[in-house]
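This report refers to the structure that appears directly beneath it.
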Amino acid sequence: MATYLQNIKSLYAHRDLLFTWTYRIIRGRYQQSVLGGLWSIIVPTATAVIFSVIFTFFVPVNTGGIPYIVFSYTAMVPWTLFSSSIGDMADSLVGNMNLVSKIYFPREILPIASFLARLVDAAVAFLLLVILMVYFKVQINVGNLVILPFILAIQLCLSLGLGFIGSALNVFYRDVRHVIVLILQIWFYASPIIYPVSSVPEALRPVYFVNPMVGVLESYRVVLLYRGLPNENVLISAGVSVVILVIGYWLFKRVEFQFADVI
Numbered sequence: 363m364a365t366y367l368q369n370i371k372s373l374y375a376h377r378d379l380l381f382t383w384t385y386r387i388i389r390g391r392y393q394q395s396v397l398g399g400l401w402s403i404i405v406p407t408a409t410a411v412i413f414s415v416i417f418t419f420f421v422p423v424n425t426g427g428i429p430y431i432v433f434s435y436t437a438m439v440p441w442t443l444f445s446s447s448i449g450d451m452a453d454s455l456v457g458n459m460n461l462v463s464k465i466y467f468p469r470e471i472l473p474i475a476s477f478l479a480r481l482v483d484a485a486v487a488f489l490l491l492v493i494l495m496v497y498f499k500v501q502i503n504v505g506n507l508v509i510l511p512f513i514l515a516i517q518l519c520l521s522l523g524l525g526f527i528g529s530a531l532n533v534f535y536r537d538v539r540h541v542i543v544l545i546l547q548i549w550f551y552a553s554p555i556i557y558p559v560s561s562v563p564e565a566l567r568p569v570y571f572v573n574p575m576v577g578v579l580e581s582y583r584v585v586l587l588y589r590g591l592p593n594e595n596v597l598i599s600a601g602v603s604v605v606i607l608v609i610g611y612w613l614f615k616r617v618e619f620q621f622a623d624v625i
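Right, dumping it as C-alpha cells:
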C-alpha cells in the first residue's frame, strides 16, 4: 500500500507533464488535419448512421420508442472512447521509446495522457448527441444526470486498467497491438451497442453482464434516454473494472524497470 501511495504522489508531482503531454497528443493528432477535431464526431456518427439504416429498414430493432440513430449513437460515443483509448494506450510506450529510454518520469503518464486526449474527443462527440436528443425531442431527467460521472469513472477504471496491461505487454511482445484490435472487434458485438440488452436471452444474461461494458453502456442509455437509474448490473461493471485497474497498474509497475532496456 505504501508503494502505491508513493506512486500516486509521484504521479501528482508530475501532473504538469501529464497535462502538457495530453495537450501535445491532441495538437499533434489534428495539427495537419483539414477537419481537425471533427473526426471525433465523424467516426461514431458514420457508424451509427450505417447501423441505423440496417436496423431501421432491414432488421428492425426495438429501442423502446427512441429513434435508432440516437439509440446507437448514445452507445457509440463511450465505445469509441473506450476502443480508441485502449489502442492509443497500448502504443504509448513503444511510440515514445526515445523519451522512455532517456528521461525519468512516471511511465504511466504516457498511457494516462493517451486516455485523456481521447476523453477530449469524446466530449466533442457528446455535443452532437445533445443536438440529436434535442432534434428528436428525447426528454431527459435532469436530476439523474448526476449519475453520469459515476458511470464515466467506471469506464475510466476499466480503460486505464486494460491500457496499463496493453502498454506493458506491447513493450515485450509487439504483436499485442494486433491482438487488441481483434479482441475489440469481438467485444464490440458482445456489448449492447447496436442492440438492446433485452434482446439477449435470459439464460445468457448472468454471463453476459460479466462484460463490464454492458453495464456501462446500458447505464448511459438508461440515464440519458429512458429517464431512469442504472440497475444493480452497473455494480458488477464497477467491481470488475476496479479489479482490472488494480491488476493492470500492479503489472505495469512490476515490469516498469525493464521498459528502457527492452525498448
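Read in order, the letters of the sequence shown correspond to residues 363 to 625 in the numbering used here.
Backbone N, C-alpha and C define an ideal beta-carbon position, used for all residues, glycine too.
Problem - Spatial neighbours of serine 581 in its chain, beta-carbon cut-off 6 Å, leaving aside the 5 residues before and after - result: The beta carbon of serine 581 lies closer than 6 Å to those of Ile513, Pro592, Val596 in the same chain, with the five residues before and after it left out.
Exercise for the section: Mind the definition here: the segment 569–587 touches the segment 609–618 only if three or more C-beta pairs lie below 8 Å; say whether that holds. Expected result: Contact annotation: the segment 569–587 does not touch the segment 609–618, with fewer than three C-beta pairs closer than 8 Å.
Exercise for the section: Pair every Cβ in the segment 445–457 with every Cβ in the segment 472–484, then say whether three or more of these pairs are closer than 8 Å. Expected result: Verdict: yes, contact present.
Handout entry: Inter-residue CB distance, alanine 530 and leucine 613 (contact presumed, cutoff 8 Å)
Key = Taking 8 Å as the upper bound for CB-CB distance, alanine 530 and leucine 613 are in contact here, some 6 Å apart.
Practice task
Might you give, ordered along the chain, the residues of its own chain that have their beta carbon closer than 6 Å to the beta carbon of asparagine 603, omitting 5 neighbours on each side?
Solution key: Strictly speaking, residue 603 in this sequence is serine, with asparagine absent from that position. So the qualifying residues of the chain are Ile516, Cys519, Leu520, Pro574.
Handout entry: Endpoints, alpha helix (DSSP H) assigned at asparagine 593
Key = Per DSSP, asparagine 593 lies in no alpha helix (DSSP H) segment and is marked neither H nor E.
Practice task
Put glycine 457 into one of helix, strand or coil per three-state DSSP.
Solution key: Correct three-state label for glycine 457: helix.
Handout entry: First and last residue of the uninterrupted alpha helix (DSSP H) at asparagine 424
Key = Annotation: asparagine 424 is outside any alpha helix (DSSP H) and is labelled neither H nor E by DSSP.
Problem - Counted within 10 angstroms of its Cβ, other Cβ atoms place proline 511 as buried (16 or more) or exposed - result: Exposed.
Handout entry: Close Cβ partners of asparagine 458 (< 7 Å) along its chain, the five nearest in sequence each way excluded
Key = So the qualifying residues of the chain are Leu472.
Problem - Contact set for methionine 451: own chain, Cβ-Cβ below 7 Å, skip 5 residues either direction - result: Taken in chain order, the residues that qualify are Pro473, Ser476, Phe477, Gly525, Gly528, Ser529.
Exercise for the section: Determine the extent of the alpha helix (DSSP H) in which isoleucine 542 is found, giving its start and end residues. Expected result: For isoleucine 542, the enclosing alpha helix (DSSP H) has its first and last residue at 538–551.
Practice task
Check whether the Cβ atoms of valine 439 and alanine 487 sit closer than 9 Å, and answer yes or no.
Solution key: Their beta carbons are under 9 Å apart, which means valine 439 touches alanine 487 by this criterion.
Problem - Whole-angstrom distance between alanine 437 and phenylalanine 413, CA atom to CA atom - result: Distance between the alpha carbons of phenylalanine 413 and alanine 437: 12 Å.
Handout entry: Backbone secondary structure at glutamate 470 - three-state DSSP
Key = Residue state for glutamate 470 is assigned as coil, using DSSP reduced to three classes.
Problem - Cβ-based burial, asparagine 532 [other Cβ within 10 Å; buried from 16] - result: Label assigned to asparagine 532: buried.
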